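Read the structure below first, then the notes.
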Amino acid sequence: MEVYLDNSATTRCFDDVAALMTQVMCRDYGNPSSLHLKGVQAETYIRYAKETIAKALKVNEKEIYFTSGGTESDNIALIGSALANHRAGRRLITTEVEHPGIMQAMKHLEEQGFHVTYLPVDKNGIISLEDLRRAMTKDTILVSIMHTNNEIGALQPIEEAGALIKKVNSGALFHVDAVQGFGKERIYPKKMNIDMLSASGHKIHGPKGVGFLYIQENVKIKPIIFGGGQQNGIRSGTENVPGIAGLGKAVEMIYTDLEAEVNMLYSLKQLFVDGVTKLENVTVNGLTGRDSAPHVVSVSVRGIRSEVLLHALEDRGIYVSAGSACSARKPQPSATLKAIGLEKELMESTLRFSFSVFTTAEEIDYTLQAMYDIIPMLRKYTRR
Amino acid sequence: MFTAFLIKYAEIGVKGKNRYIFEDALVQQIKYAVKRCEGEFKVYRTEGRIYVEALSEFDFDEVVDNLKTVFGISGICPVVYVEDEGFEKLGKDILKYIGEVYPEKDKTFKVCARRARKNYPLTSMEINSEMGGVILDNCPEMRVDVHKPDIMLHIEIREKIYIYSEIIPGPGGMPVGTGGKAMLLLSGGIDSPVAGYMIAKRGVKIDAVYFHAPPYTSERAKQKVVDLAKLVSRYTGPIYLHVINFTDIQLYIYEKCPHEELTIIMRRYMMRIAEKIAQETECLGLITGESIGQVASQTLQSLAATNEVCTMPVYRPLIGFDKMEIVEISEKINTYETSILPYEDCCTIFVAKHPVTKPNLNIIKKHEENLEEKIDELVDTALKNDELIIVR
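So the sequences go chain by chain: B and G.
Quick note, the first sequence lines up with residues 1 to 384 if you use UniProt numbering.
Quick note, the second sequence lines up with residues 1 to 392 if you use UniProt numbering.
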């Protein structure tokens with residue numbers, strides 16, 4: 001049996017998405033900038049994807065820009081808005097648990113003379129609004145907070161943060177990295193005071209290499225990619241039409257019956273958490289109920305190194321992740337696990353299980369059974 | 001301007017009657033190295049010199065980089081050769097050489113002639129002074145310095161006349177293949193690729209064995225070792241890499257022996273298995289990357305305990321090196337970046353918190369008796385399932 005539980009790293013593409021993309025690549029392959037009919041047809045796909053996304057977010061279509069994915073969206077949002085607004089101030093705020101797409105962009109801005117405050121998180125990975133309030137100053141121009149943590153599934157108080165930011169300093173922009181949260185929860189930027197929002201296609205059963213950035217109409221952004229002036233000059237380069245079409249289709253499919261899907265994910269998560277905590281010396285990091293993401297569970301198995309357990313599960317056809325896929329190939333311990341104060345030994349023993357609409361209860365049972373077999377066996381070889 | 005390289009070799013020169021064996025091997029290795037380069041080359045040996053002559057367009061840097069991987073080469077000299085058409089013509093050729101190689105002429109020089117063709121009308125000393133005069137007359141900014149010249153201009157009179165002034169250092173050592181073959185215990189770490197490189201430098205051909213522990217170590221860990229072997233093979237030529245599935249042996253040891261002794265007993269079995277493969281493949285020794293005191297399994301006591309299981313000599317070229325010195329070589333041979341990729345390997349997946357650092361051989365042997373029931377069978381199975389990867 002093959003059980004794919006690494007959906008926070010990437011998801012399987014919906015068949016309908018792949019079919020649509022094939023059609024775009026092989027039949028409707030025009031360049032949307034061309035004047036002829038083939039170009040116009042290609043443009044139709046982009047327009048449709050834009051409409052779909054705008055509808056899901058309840059924003060204006062003009063406010064959606066397509067990018068190569070979450071990282072590029074984050075970079076354009078952060079660097080582009082910081083450069084456009086540096087005269088109003090040079091202070092930025094983010095959290096200690098952000099994705100490298102944010103962290104590295106912030107590091108870059110620090111080198112350019114910006115000052116960045118990194119908000120700490122509690123043991124569940126959640127920031128305190130009081131910390132945010134204290135960090136906000138008159139010359140704060142940008143706050144970036146992730147919606148859903150990719151490693152432990154912590155949900156940040158986005159709506160409250162948005163209200164707070166605008167109350168303290170109506171000029172400060174609010175960016176939300178919603179790569180893990182988009183498609184799992186309804187996010188309405190206008191209602192939540194979000195000025196910019198990043199999302200990615202391949203986390204919602206769409207293609208890799210495509211994502212979008214929502215930019216509220218009045219926000220000033222300097223481009224970081226220069227060229228033919230496509231997408232209002234904010235993101236030049238011929239649009240990835242098959243990718244965009246696929247992304248639009250995936251959004252449409254995922255949002256059709258979102259509440260039911262999310263309820264199902266929560267029940268799978270509950271099933272898994274209940275099962276896994278039956279094991280001795282196994283703990284779950286962060287919150288596990290409705291106040292956490294429906295699809296991510298971070299599990300620490302004391303005494304067993306994550307890579308050993310990961311490969312032992314792989315041997316049974318179960319695919320999971322050590323920490324997060326974006327950092328699993330680097331020797332540094334995960335920033336999130338460090339920020340929530342996990343002891344070192346547990347950091348090296350942490351696995352992430354993440355579910356999707358394709359995950360079934362039977363797969364969860366199979367995984368739990370495998371863990372019941374493997375963990376006591378591996379415990380025999382535990383460091384003493 | 002350069003279409004040929006004169007290859008200098010140091011140590012081979014003193015090999016007496018066996019010298020030709022080493023020279024032939026060196027020519028073979030050079031041929032192998034230039035085969036990787038764009039273009040066509042003639043490699044030949046004449047009058048105690050080896051020349052690499054380009055017969056077509058080639059990339060200078062690419063050829064030099066590849067020659068730098070050939071053990072036995074002490075220096076690579078880009079040369080210009082001209083026909084012997086009289087003394088006046090030679091003067092013109094030399095001025096042309098200086099004009100192209102040293103366009104900024106504000107330099108000191110010394111001419112160093114060598115008259116291999118003894119019927120040449122002038123002696124070396126005469127050539128030195130005549131050619132020095134030609135240079136001084138035509139390049140007024142240049143001065144002679146016989147002690148520490150900027151340019152040491154070599155003129156060698158042979159069938160043709162060779163002119164060169166630069167010696168690019170080669171890796172030294174002996175041509176691979178002249179010193180027999182040995183079996184390298186290769187892991188994913190920093191040390192073992194360096195150990196293999198160092199022994200190959202003395203002319204030894206390398207085979208390698210890697211201990212793999214699936215499912216607990218990943219395909220990436222194995223690929224990493226293949227990648228390392230590939231980097232080392234630039235210097236050593238093709239490497240026969242034996243991948244041994246070690247999981248069952250490791251788990252069995254863990255089950256039956258005290259955990260503090262896992263590493264040492266595991267290493268003893270690795271040595272036993274490596275020696276068996278070495279014997280079957282005509283290797284004359286084992287090579288490891290051990291260095292005294294680096295980890296628990298590399299104390300003198302541990303090394304003695306590990307060594308006790310094999311009769312073949314075990315070569316440990318890094319034995320007295322500090323970690324920093326090893327890292328320096330691994331950076332030089334380009335294996336460092338690959339070595340530090342963080343995949344678990346069979347030595348790291350199950351380790352005791354406090355491994356024994358001063359094992360008592362008698363106690364170790366006594367505990368190994370616990371394994372009697374199944375271990376031979378497990379070792380045989382591992383050997384039977386040896387996966388051979390030829391890395392080039």
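Note that CB positions come from ideal geometry on N, CA and C, so glycine has one too.
Only a predicted model underlies this, so the values are computations on that prediction, with no experimental measurement involved.
Need the endpoints of the alpha helix (DSSP H) that residue i sits in, please.
{"i": "G:His367", "result": "361 to 368"}
{"i": "B:Met103", "result": "100 to 111"}
{"i": "B:Lys55", "result": "37 to 57"}
{"i": "G:Asn307", "result": "300 to 307"}
{"i": "B:Val97", "result": "No alpha helix (DSSP H) contains B:Val97, which DSSP labels as neither H nor E."}
{"i": "B:Cys26", "result": "15 to 26"}
{"i": "B:Thr137", "result": "First-last for B:Thr137: undefined, no H or E at that position."}
{"i": "G:Met1", "result": "It is not in any alpha helix (DSSP H) - G:Met1 carries neither H nor E in the DSSP assignment."}
{"i": "B:Glu160", "result": "158 to 168"}
{"i": "B:Val262", "result": "258 to 276"}
Please check if any C-beta of chain B sits within less than 9 Å of the C-beta of residue i.
{"i": "G:Glu373", "result": "no"}
{"i": "G:Leu251", "result": "yes"}
{"i": "G:Ser218", "result": "yes"}
{"i": "G:Pro215", "result": "yes"}
{"i": "G:Glu337", "result": "no"}
For residue i and residue j, what's the separation of their Cα atoms in angstroms?
{"i": "B:Asn263", "j": "B:Phe272", "result": "14 Å"}
{"i": "B:Lys55", "j": "B:Phe182", "result": "13 Å"}
{"i": "B:Thr360", "j": "B:Asn7", "result": "13 Å"}
{"i": "B:Leu35", "j": "B:Leu213", "result": "26 Å"}
{"i": "G:Glu255", "j": "B:Leu313", "result": "21 Å"}
{"i": "B:Pro100", "j": "G:Val101", "result": "50 Å"}
{"i": "B:Gly243", "j": "B:Asn149", "result": "25 Å"}
{"i": "G:Ile50", "j": "G:Ile333", "result": "25 Å"}
{"i": "B:Ile79", "j": "B:Phe66", "result": "17 Å"}
{"i": "B:Ile165", "j": "B:Gly275", "result": "40 Å"}
{"i": "B:Glu307", "j": "G:Thr247", "result": "15 Å"}
{"i": "G:Gly91", "j": "G:Lys15", "result": "37 Å"}
{"i": "G:Ser291", "j": "G:Ile329", "result": "14 Å"}
{"i": "G:Ile390", "j": "G:Leu185", "result": "15 Å"}
{"i": "G:Gly72", "j": "G:Asn66", "result": "13 Å"}
{"i": "G:Ile239", "j": "G:Glu275", "result": "17 Å"}
Per DSSP, which residues does residue i bridge with? Please list them.
{"i": "G:Lys8", "result": "G:Gly75"}
{"i": "G:Asp207", "result": "G:Met183, G:Tyr240"}
{"i": "B:Met146", "result": "B:Asp177"}
{"i": "B:His115", "result": "B:Arg91"}
{"i": "G:Asn334", "result": "Note: G:Asn334 sits in no beta bridge, so no partner."}
{"i": "B:Asp6", "result": "B:Ser354"}
{"i": "B:Phe66", "result": "B:Phe212"}
{"i": "G:Phe109", "result": "G:Val144, G:Ile151"}
{"i": "G:Pro169", "result": "G:Gly75"}
{"i": "G:Thr46", "result": "G:Arg49"}
{"i": "G:Phe321", "result": "Paired residue(s): none; G:Phe321 is not in a bridge."}
{"i": "B:Ser298", "result": "B:Asn285, B:Arg352"}
{"i": "B:Tyr381", "result": "For B:Tyr381, which the question treats as bridged, DSSP gives no partner whatsoever."}
{"i": "G:Pro316", "result": "Checking the sequence, you will find Arg at residue 316 of chain G rather than Pro. Answer by DSSP bridge pairing: none, since G:Arg316 is not bridged."}
Within the 9 Å Cβ cut-off, does residue i reach chain G?
{"i": "B:Asp315", "result": "yes"}
{"i": "B:Lys338", "result": "no"}
{"i": "B:Tyr372", "result": "no"}
{"i": "B:Lys344", "result": "no"}
{"i": "B:Glu307", "result": "yes"}
{"i": "B:Ala312", "result": "yes"}
{"i": "B:Leu5", "result": "no"}
{"i": "B:Tyr319", "result": "no"}
{"i": "B:Lys58", "result": "no"}
{"i": "B:Cys326", "result": "Confidence in B:Cys326 is poor, its pLDDT being 47 and thus under 50, which makes the residue's placement too unreliable to answer from."}
{"i": "B:Tyr45", "result": "no"}
{"i": "B:Tyr381", "result": "yes"}
{"i": "B:Leu20", "result": "no"}
Starting from residue i and walking both ways along the beta strand (DSSP E), at which residues does that stretch end?
{"i": "G:Glu156", "result": "151 to 157"}
{"i": "G:Tyr216", "result": "Here G:Tyr216 belongs to no beta strand (DSSP E), and DSSP marks it neither H nor E."}
{"i": "G:Ile50", "result": "49 to 54"}
Legend entry - Under 9 Å (Cβ pairs) to chain D, residues found in the region 342 to 363 of chain G: Absent from the structure: chain D. Protein chains present are B and G.
Legend entry - Chain-ordered residues of the region 243 to 276 of chain G with a beta carbon less than 8 Å from chain B: Leu251, Tyr254, Glu255, His259
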